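**Q** Got a structure for you, questions after.
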Amino acid sequence: MVALLLSAGMAMAQANDPVIMTVNGKPVLKSEFEYSYNKNNSEGVIDKKTVREYVDLFINYKLKVEAALDAKLDTMKSFQDEFKMYRDQQIRPSFVTDDDMEAEAKKVYQNTKDQIGPKGLVMPAHILIQVNQKAEEAEKAKAKERIDSIYGALKAGADFAEMATKLSQDPGSARKGGTLPWIGPNQTVKEFEDVAYSLQVGQMSEPFESPFGYHIILMKDRKQLEPYDSLRTNIMKFLEARNARDHVAKTIIDSVAKQRGITTAELMDERTEQLCANDIELKNLVREYHDGLLLFEISNQTIWDKAAKDSLALANYFKKNKKKYKWDEPRYKGMVFHVKVPEDVEAVKKSVKGLAFEKWAERLRTTFNNDSVIRIRVEKGIFKRGDNAYIDKLVFHKDTTTRQVKNYPIDDVYGKLIKKPENFEDVRGQVTADYQDMLEKQWVAELRKKYAVKVDEAVLATVKEQ
575 MVALLLSAGM AMAQANDPVI MTVNGKPVLK SEFEYSYNKN NSEGVIDKKT
625 VREYVDLFIN YKLKVEAALD AKLDTMKSFQ DEFKMYRDQQ IRPSFVTDDD
675 MEAEAKKVYQ NTKDQIGPKG LVMPAHILIQ VNQKAEEAEK AKAKERIDSI
725 YGALKAGADF AEMATKLSQD PGSARKGGTL PWIGPNQTVK EFEDVAYSLQ
775 VGQMSEPFES PFGYHIILMK DRKQLEPYDS LRTNIMKFLE ARNARDHVAK
825 TIIDSVAKQR GITTAELMDE RTEQLCANDI ELKNLVREYH DGLLLFEISN
875 QTIWDKAAKD SLALANYFKK NKKKYKWDEP RYKGMVFHVK VPEDVEAVKK
925 SVKGLAFEKW AERLRTTFNN DSVIRIRVEK GIFKRGDNAY IDKLVFHKDT
975 TTRQVKNYPI DDVYGKLIKK PENFEDVRGQ VTADYQDMLE KQWVAELRKK
1025 YAVKVDEAVL ATVKEQ
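Each number in the numbering used here comes from the position in the sequence shown (counting from 1) with 574 added on.
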């Protein structure tokens, strides 16, 4: 009977989520394909694909993952650490219940209440005349005279908020008529706190000194901390903003693992398996993290990094495909430079004359800017009209406005106009991208020969396009 029920359950699961293809003998479920298709063809995607168009892209993706697995990239510690970091971000919150967060919020409230104690909270307004602690006595005396003058005006009936706005040297509170936010014990310097807590609502202090200078305080309001229920919403927002849920989860995970005598890693693996068994979206997301990291690593090793660093291969590719790299207008291959003295103009040009273009920057740095004195400023590159105002003016003779570089009043250029790229370095980015594209096509062709792929056309036909 049990075997019959299990068989029926498996058949039902297979009917709901059939195998859409096999790659290297491994089944790929329809749900995985649909998840990937819908995610990469959602609203806002410019180059949306039909299901049929997406099949080849998806197969290529799975083939590269198979290559990464064959290369045992999933056994590297760097991969495992990075994958578990991403995965655990999704799994950790499952250990935290609403009751756990409620307890954490009450803990925050109680800690705050204990810190405030019977003294409560105060909302002072103040006027500050700043004085540096190392100021001369004459400067301190001048500041004291000024705060005393303000105090006299206030005693005579001047409006505190108006005086604070005009005269206080604490710009943050001055804009608010001198009013500060609610302050609790130990949140400000002792001198300020002692005076503030000595005042009743509406009472004004005499001038007094703190490490910031001289103050006058007007007490705007006082209160005790509100009941928990009235602050609960704000506390919860505070906890979420500081990712407290993750901290609570880590504490719970450590405790559960210790109680069960297993490692936290083993506990996370176990929870992942449990959750993924019941949540197909999470299962696909975790797989996406896993396979995506493998894809990046294998692609970097096989295509991206390899191509970017192989200058000889790039040069040969450029040589064979020169006709692809044309410009619709000439470029200026050179530099605009700014110097302080006239004699440096020729010195700059002489220093790079006959030198390979890619070596100019190092020669200029070691010759002119090798110590604390920066003799020249340089912008080097391959410029078309509109790229650089100085090049436009001095080379292309456009009527354009340039701004003088501070302390470097003399501008000049050195280089030459070229109608087309001279070597691959002139269009390195484009050549690299094209060479990488060629390598990838060759790689995918090899993978398709190496790994068998079989698509169930009947199941594929049931995939709905968004």
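Ideal placement from N, C-alpha and C gives every residue a C-beta, glycine not left out. Here the structure is a predicted model, which is why all the values come from computation and not from measurement.
In the DSSP assignment, find the unbroken beta strand (DSSP E) run with V987 in it and report its ends.
**A** Here residue 987 refers to the residue found at position 413 when the sequence shown is read from its first residue. Per DSSP, V987 belongs to the beta strand (DSSP E) from I984 to I992.
**Q** Among residues of its own chain, excluding the 5 on either side of M584, which ones have a beta-carbon nearer than 7 angstroms to its beta-carbon?
**A** As a first step, residue 584 must be located in the sequence shown, where it is residue number 10. Residue confidence for M584 is low, a pLDDT of 37 falling below 50, so the modelled location carries little weight and cannot support an answer.
**Q** Would you check if the distance between the CB atom of E932 and the CB atom of E999 is smaller than 8 angstroms?
**A** Taking the first residue of the sequence shown as position 1, residue 932 is located at position 358. Taking the first residue of the sequence shown as position 1, residue 999 is located at position 425. Result yes, Cβ atoms of E932 and E999 sit closer than 8 angstroms.
**Q** Going by Cα to Cα distance, which pick from P995, T974, K894 and V969 is closest to G989?
**A** Stepping through the sequence shown from its first residue, residue 989 is reached at position 415. It is V969.
**Q** Suppose contacts are defined by Cβ-Cβ distances below 8 angstroms. Is A738 in contact with I701 by that definition?
**A** Along the sequence shown, one-based indexing puts residue 738 at 164. Along the sequence shown, one-based indexing puts residue 701 at 127. The answer is yes: Cβ separation under 8 angstroms.
**Q** Once you ignore the five residues that flank K718 on each side, which residues in its own chain have a CB closer than 7 angstroms to its CB?
**A** Sequence index remark: in the sequence shown, residue 718 carries index 144 (1-based). Once the five neighbours on either side are set aside, the close Cβ partners of K718 are Y788.
**Q** Would the segment 625 to 636 and the segment 1026 to 1038 be scored as touching if the rule is three or more Cβ pairs under 8 angstroms?
**A** Short answer: they touch.
**Q** Kindly indicate which residue of A881, S804 and A699 has the alpha-carbon position closest to the one of S779.
**A** Along the sequence shown, one-based indexing puts residue 779 at 205. With distances taken between Cα atoms, S779 lies closest to A699.
**Q** Touch check for the segment 930 to 945 and the segment 857 to 875: three-plus C-beta pairs under 8 angstroms?
**A** Counting Cβ pairs under 8 angstroms, fewer than three are found: no touch.
**Q** Report the three-state DSSP secondary structure of S723 (helix, strand or coil).
**A** Position 149 of the sequence shown holds residue 723. DSSP places S723 in helix when its eight states are reduced to three.
**Q** If distances are taken between C-alpha atoms only, which option among I791, R1002 and I984 comes closest to K915?
**A** Position 341 of the sequence shown, counting from 1, holds the residue named residue 915. With the sequence shown as reference, residue 915 is identified as Val, and Lys is not the correct amino acid for it. It is I984.
**Q** I'd like the list of long-range same chain contacts for D966, defined as Cβ closer than 8 angstroms, with 5 residues on each side in sequence excluded.
**A** Translated into positions along the sequence shown, residue 966 becomes position 392. Once the five neighbours on either side are set aside, the close Cβ partners of D966 are R959, G960, K972 and T974.
**Q** Find out if the Cβ-Cβ distance for the pair G694, R796 is shorter than 8 angstroms.
**A** Within the sequence shown, the letter at position 120 stands for residue 694. Within the sequence shown, the letter at position 222 stands for residue 796. Taking 8 angstroms as the Cβ cut-off, G694 and R796 qualify as a contacting pair.
**Q** Might you give, ordered along the chain, the residues of its own chain that have their beta carbon closer than 8 angstroms to the beta carbon of K894, omitting 5 neighbours on each side?
**A** On the sequence shown, position 320 is the one that residue 894 refers to. Cβ within range, chain order: n/a, list empty.
**Q** CA-CA distance, K714 and I724?
**A** The residue you call residue 714 lines up with position 140 of the sequence shown. The residue you call residue 724 lines up with position 150 of the sequence shown. Their backbone Cα atoms lie some 15 angstroms apart in a straight line.
**Q** Spatial neighbours of A839 within its chain, please: C-beta separation below 6 angstroms, excluding the five flanking residues on both sides.
**A** Position 265 of the sequence shown, counting from 1, holds the residue named residue 839. Cβ within range, chain order: n/a, list empty.
**Q** Skipping 5 residues on each side, what residues in its chain have a beta carbon closer than 7 angstroms to that of E953?
**A** Position 379 of the sequence shown holds residue 953. Only M909, V910 and N962 meet the Cβ criterion.
**Q** If you pair each beta-carbon of the segment 725 to 736 with each one of the segment 823 to 833, do three or more pairs fall below 8 angstroms?
**A** Touching, no, given that fewer than three Cβ pairs across the two stretches are closer than 8 angstroms.
**Q** Quick one: residues in its chain with C-beta nearer than 8 angstroms to the C-beta of V763, no 5 flanking neighbours on either side, listed in chain order?
**A** For the purposes of this step, residue 763 is taken as residue 189 along the sequence shown, with counting starting at 1. Closer than 8 angstroms at Cβ, skipping near neighbours: S784, P785 and F786.
**Q** Unbroken beta strand (DSSP E) runs of length 3 or more, entirely within the segment 783 to 847: which are they?
**A** DSSP runs (the beta strand (DSSP E)) wholly in the segment 783 to 847: 787 to 797.
**Q** If you drop the 5 nearest sequence neighbours on each side, which residues of the same chain put their C-beta closer than 6 angstroms to that of A577?
**A** Along the sequence shown, read from residue 1 onward, the residue named residue 577 stands at position 3. Residue placement at A577 is poorly supported in this model, since its pLDDT is 36, which falls under 50; the coordinates still yield a value, given next. The answer is none, since no qualifying residue turns up.
**Q** Nearest-angstrom Cα distance between N760 and G835?
**A** Stepping through the sequence shown from its first residue, residue 760 is reached at position 186. Stepping through the sequence shown from its first residue, residue 835 is reached at position 261. Their backbone Cα atoms lie some 43 angstroms apart in a straight line.
**Q** Taking DSSP's pairing of strands, which residues face G955 in a bridge?
**A** The sequence position of residue 955 within the sequence shown is 381, counting from 1. In the DSSP output, where bridge partners are listed per residue, G955 has G908.
**Q** Could you tell me the distance, in whole angstroms, from the CA atom of P692 to the CA atom of N685?
**A** Translated into positions along the sequence shown, residue 692 becomes position 118. Translated into positions along the sequence shown, residue 685 becomes position 111. Each residue's Cα considered, the two are about 13 angstroms apart.
**Q** Could you tell me which residues DSSP puts in a beta bridge with A699?
**A** The sequence position of residue 699 within the sequence shown is 125, counting from 1. T753 and L792.
**Q** Can you find a heavy atom of the ligand GDP that lies under 7 angstroms from the Cβ of E840?
**A** Absence of the ligand GDP from the depicted structure is noted, as is the absence of any ligand whatsoever, leaving it without description.
**Q** Would G758 and Q689 be called neighbours here (beta carbons separated by less than 8 angstroms)?
**A** Here residue 758 refers to the residue found at position 184 when the sequence shown is read from its first residue. Here residue 689 refers to the residue found at position 115 when the sequence shown is read from its first residue. It is a contact, given that the beta carbons lie within the stated cut-off.
**Q** Once the 5 residues before and after D820 are set aside, which same chain residues still bring their CB inside 7 angstroms of it?
**A** Within the sequence shown, the letter at position 246 stands for residue 820. Excluding sequence neighbours, D820 sits near R666.
**Q** Quick one: give me the first and last residue of the alpha helix (DSSP H) that T941 is part of.
**A** Taking the first residue of the sequence shown as position 1, residue 941 is located at position 367. Where T941 is concerned, the enclosing alpha helix (DSSP H) stretches over W934 to F942.
**Q** Closest by CA to S885, which one among A641, E676 and V1001?
**A** For the purposes of this step, residue 885 is taken as residue 311 along the sequence shown, with counting starting at 1. It is V1001 whose Cα lies nearest to the Cα of S885.
**Q** Let's test the definition: count the other Cβ atoms within 10 Å of the Cβ of E564 and tell me whether it reaches 16, buried, or not, exposed.
**A** In the structure displayed, the chain extends from 575 to 1040; residue 564 sits before or after that span and is not available.
**Q** For a test of the three-state rule: what should DSSP assign to M595, helix, strand or coil?
**A** Position 21 of the sequence shown, counted from the first residue, corresponds to residue 595. Strand, per DSSP.
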